[in-house]
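Student: Numbered by the working numbering, the letters in the sequence shown go through residues 264 to 678 in order. Cβ coordinates follow ideal geometry from the N, Cα and C atoms, glycine included. Predicted model, so just to flag it, every value in this text is computed and none were measured.
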Amino acid sequence: MQLERENNFEAYIVDALKAVSLKFVESTEDIEEAPGFEPEFAHQHFGETENIIGFKGLEVSVCYSDCTLFIYPRIHYESVIPADSELKADDILYKIRDQLPSSQLDGLVSSLSSYQIKLNQQKRFKPYGELISKFYFDDSYDGLKKEIQIYKVEYTEDEDVHRYIERAQSLAFWYIDGASYTDNDDPRFFHYFAFESTKHEEDGSRKYKFAGYSSLYRFYYHPDKDRVRIAHMLLSPPYRQQGNGIRFLNAIYSDLRSREKVYDITAESFADNFLFMRDFADCVSCAELPEFSKDHLLKGYTKKMSEAALKKLKLHQAQTRRIYEILRFNCTPPDQQSQAEYKADVVKRIEKPLKRSKRDLSKLTEALNPKELAVVAKNLDGDQQKQLIEEQYNNTVDSYKIVLNRLKSMKQRNF
264 MQLERENNFE AYIVDALKAV SLKFVESTED IEEAPGFEPE FAHQHFGETE
314 NIIGFKGLEV SVCYSDCTLF IYPRIHYESV IPADSELKAD DILYKIRDQL
364 PSSQLDGLVS SLSSYQIKLN QQKRFKPYGE LISKFYFDDS YDGLKKEIQI
414 YKVEYTEDED VHRYIERAQS LAFWYIDGAS YTDNDDPRFF HYFAFESTKH
464 EEDGSRKYKF AGYSSLYRFY YHPDKDRVRI AHMLLSPPYR QQGNGIRFLN
514 AIYSDLRSRE KVYDITAESF ADNFLFMRDF ADCVSCAELP EFSKDHLLKG
564 YTKKMSEAAL KKLKLHQAQT RRIYEILRFN CTPPDQQSQA EYKADVVKRI
614 EKPLKRSKRD LSKLTEALNP KELAVVAKNL DGDQQKQLIE EQYNNTVDSY
664 KIVLNRLKSM KQRNF
């Protein structure tokens, strides 16, 4: 009997990543017709197991108005677990709403009639901030050429802007592991927004669709500069897999590099997809600098490389070193001696934390990735250290190959 009850309960436990889809809608008709996009994470809404409990045949469409980003959850299911069951059904609406800030009481709309009003209102939407650039792409979904406009939003006390930033960042909880809201009261945060822009057929005015955002933070750098860190970067699902992430990042880079006050540009620890995209963009830029020519790369990393990348591209020295390793790996001859010299160069960088004294460990914890930190923090014997270093070297080279494969697909560049 106990086993039978457990089997019955199992039928009412659903994988949230399969049950939930995100839609971006312009009208109520789109709630049914718009394509749905799977989230990558659901643990911040439904717990570490990412399960929704209490429903059979569950489908949850989390609809975002496509420029103002108000949410309407549409929940369909075949049956709900009986009320007298030991297992209680999740309050799905509550769990989605609970991830919104307290200031977003109207950010989630539960009635279709109220949502219709929000959809009508977004026809008058104008992007916040300053238009800094635009780019075009051929949309693989409908084959049309689309225009993307990039807006920069500096600190403001405007509550409408604060609320919009929060609604955009609510999308990150489905796509960024450990996502969080930025502090809109901190003047060192600023943001970039990407919008698809088209003309209204009726009167020729512009209409907009949210395409992505990035949140950044300015750290003070003595005596009068800023070190800018990319805290979030998210591209809306309909605009992915079409090169728009690179275009968006390059638009941000271009603006920051034009600012005398910006000393360098860094980034939080992102998922692999962002890291590969950033590496790709930085490799393309560094490859155009004479300091990163093949002859120079094969001679080893130099201070001139770091200085050139900082001066011309505002790259942090750690990222410059990584780009050097990627580009050198690409041009290293296949013979055994050349490959061994390259490996020794990379391993020397990986081993560097081992030579730090124990009193420096606390300073290292924020700078190292988990595997490097494990080498420093644990009391390992020589063989164990060698094994960890070898594993990290192999993982590093594998990640470089991913970037280089994408670079080599660029027919217009001789990689």
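If you count every other CB in all the chains shown that lies within 10 Å of the CB of L332, and 16 or more means buried, which is it?
Tutor: Against the sequence shown, residue 332 aligns to sequence position 69. The residue in question, L332, is buried, as its Cβ has 16 or more Cβ neighbours within 10 Å.
Student: Going by beta carbon distance, what residues of the same chain come within less than 7 Å of D421, once the five residues before and after it are set aside?
Tutor: Counting from one through the sequence shown, the residue named residue 421 turns up at place 158. Cβ within range, chain order: n/a, list empty.
Student: Whose CA, out of Y483, V491, S478 and K488, lies closest to the CA of L498?
Tutor: Position 235 of the sequence shown holds residue 498. The candidate whose alpha carbon is nearest that of L498 is S478.
Student: On the three-pair Cβ rule with 8 Å, is the segment 396-411 touching the segment 348-358?
Tutor: With the cut-off at 8 Å, the segment 396-411 and the segment 348-358 do not touch.
Student: Considering only the beta carbon of each residue, do V301 and S284 sit closer than 9 Å?
Tutor: One-based indexing of the sequence shown puts residue 301 at position 38. One-based indexing of the sequence shown puts residue 284 at position 21. Looking at the sequence provided, one finds Glu at residue 301 rather than Val. Going by C-beta atoms, E301 is nearer than 9 Å to S284.
Student: Residues in its own chain within less than 7 Å of E531 by CB, not counting five upstream and five downstream?
Tutor: Along the sequence shown, read from residue 1 onward, the residue named residue 531 stands at position 268. Taken in chain order, the residues that qualify are R492, I493 and A494.
Student: Between the Cα of V660 and those of K606, P500, G441 and F398, spot the shortest distance and give me the residue it belongs to.
Tutor: For this step, residue 660 is matched to residue 397 along the sequence shown. Nearest option by C-alpha distance: K606.
Student: My assumption, with CB atoms under 8 Å, is that F452 sits in contact with T445. Please give the rounded CB distance.
Tutor: To locate residue 452, count along the sequence shown from 1; it is residue 189. To locate residue 445, count along the sequence shown from 1; it is residue 182. Going by Cβ atoms, the distance from F452 to T445 rounds to 5 Å, so yes, they are a contact pair.
Student: Count the other CB atoms within 10 Å of the CB of V343; is the residue buried (16 or more) or exposed (fewer)?
Tutor: Here residue 343 corresponds to residue number 80 of the sequence shown, with the count starting at 1. When all chains shown are included, V343 counts as exposed.
Student: Rounded to whole angstroms, what is the Cα-Cα separation between G370 and D518?
Tutor: For this step, residue 370 is matched to residue 107 along the sequence shown. For this step, residue 518 is matched to residue 255 along the sequence shown. Rounded to the nearest angstrom, the two C-alpha atoms are 31 Å apart.
Student: Give me, in chain order, the residues of the same chain whose beta-carbon lies closer than 7 Å to that of L590; leave out the 5 immediate sequence neighbours on both sides.
Tutor: Locating residue 590 in the sequence shown gives position 327, counting from the first residue. Closer than 7 Å at the Cβ level, and outside the excluded window around L590, lie C546, C549, A550, F555 and L560.
Student: Taking only three categories from DSSP, how would you classify P597?
Tutor: In the sequence shown, counting from the first residue as 1, residue 597 sits at position 334. DSSP places P597 in coil when its eight states are reduced to three.
Student: Taking the beta carbon of G320 as the centre, do at least 16 other beta carbons fall within 10 Å, making it buried, or is it exposed?
Tutor: Here residue 320 refers to the residue found at position 57 when the sequence shown is read from its first residue. Classification for G320: exposed.
Student: Hey, would you say F511 sits closer than 9 Å to I395, going by beta carbons?
Tutor: Here residue 511 refers to the residue found at position 248 of the sequence shown. Here residue 395 refers to the residue found at position 132 of the sequence shown. Going by C-beta atoms, F511 is not nearer than 9 Å to I395.
Student: Quick one: measure Cβ to Cβ for D527 and K577, integer angstroms, because I've assumed they're closer than 8 Å.
Tutor: Within the sequence shown, numbered from 1, the residue matching residue 527 stands at position 264. Within the sequence shown, numbered from 1, the residue matching residue 577 stands at position 314. 5 Å between Cβ atoms; contact.
Student: Going straight from the alpha carbon of V666 to that of A534, what length do you get?
Tutor: For the purposes of this step, residue 666 is taken as residue 403 along the sequence shown, with counting starting at 1. For the purposes of this step, residue 534 is taken as residue 271 along the sequence shown, with counting starting at 1. Cα to Cα, the separation comes out at about 14 Å.
Student: Just reading off the alpha helix (DSSP H) that Y340 is part of, what are its end residues?
Tutor: Within the sequence shown, the letter at position 77 stands for residue 340. Y340 -> no alpha helix (DSSP H), and no H or E assigned at all.
Student: Looking at the unbroken alpha helix (DSSP H) that takes in K358, where does it start and where does it end?
Tutor: To locate residue 358, count along the sequence shown from 1; it is residue 95. Counting along the chain, the alpha helix (DSSP H) containing K358 begins and ends at I355 to R360.
Student: With H, G and I counted as helix, E and B as strand and the rest as coil, what does DSSP make of C326?
Tutor: On the sequence shown, residue 326 is found 63 positions in, with the first residue counted as 1. If DSSP states are grouped into helix, strand and coil, C326 belongs with the strands.
Student: DSSP puts R541 in a beta bridge; with which residues?
Tutor: The count along the sequence shown starts at 1 and reaches residue 541 at position 278. In the DSSP output, where bridge partners are listed per residue, R541 has none listed.
Student: Using the rule of at least 16 other Cβ atoms within 10 Å of the residue's Cβ for burial, across every protein chain shown, is I586 buried or exposed?
Tutor: What you label residue 586 is simply residue 323 of the sequence shown in a count that begins at 1. The residue in question, I586, is buried, as its Cβ has 16 or more Cβ neighbours within 10 Å.
Student: Kindly indicate the opening and closing residues of the beta strand (DSSP E) around K741.
Tutor: For the chain, the structure presents residues 264 to 678; residue 741 sits outside this window and is missing.
Student: Quick one: what's got a C-beta closer than 8 Å to T291's C-beta in the same chain, skipping five residues either side?
Tutor: Taking the sequence shown and counting its residues from 1, one reaches residue 291 at position 28. Taken in chain order, the residues that qualify are L375, Y378, Q379 and L382.
Student: Output the distance between the C-alpha atoms of F388 and D423, rounded to the nearest integer angstrom.
Tutor: The sequence position of residue 388 within the sequence shown is 125, counting from 1. The sequence position of residue 423 within the sequence shown is 160, counting from 1. Whole-angstrom Cα-Cα distance: 12 Å.
Student: Go ahead and pull the three-state DSSP assignment for S373.
Tutor: Taking the first residue of the sequence shown as position 1, residue 373 is located at position 110. Coil at S373, not helix or strand.
Student: Between the alpha carbons of G392 and Q384, how many angstroms are there, rounded?
Tutor: Locating residue 392 in the sequence shown gives position 129, where the first residue counts as 1. Locating residue 384 in the sequence shown gives position 121, where the first residue counts as 1. Between G392 and Q384, the C-alpha separation is close to 19 Å.
Student: Could you name each continuous alpha helix (DSSP H) segment of 4 residues or more that falls completely within the segment 502-565, going from the start of the chain to the end?
Tutor: Those alpha helix (DSSP H) runs which fall completely within the segment 502-565 and span 4+ residues are 507-520, 535-550 and 557-561.
Student: Report back the beta-carbon spacing between Y418 and P390 to the nearest angstrom; my notes put them in contact at under 8 Å.
Tutor: Against the sequence shown, residue 418 aligns to sequence position 155. Against the sequence shown, residue 390 aligns to sequence position 127. Wrong, their Cβ atoms sit about 17 Å apart, outside the cutoff.
Student: By the three-class DSSP mapping on this structure, what secondary structure does H306 have?
Tutor: By one-based count along the sequence shown, residue 306 stands at place 43. Of the three classes helix, strand and coil, the one that applies to H306 here is helix, per DSSP.
Student: In this structure, does DSSP put A352 in helix, strand or coil?
Tutor: In the sequence shown, residue 352 corresponds to position 89, counting from 1. Reduced to three states, the DSSP call for A352 is coil.
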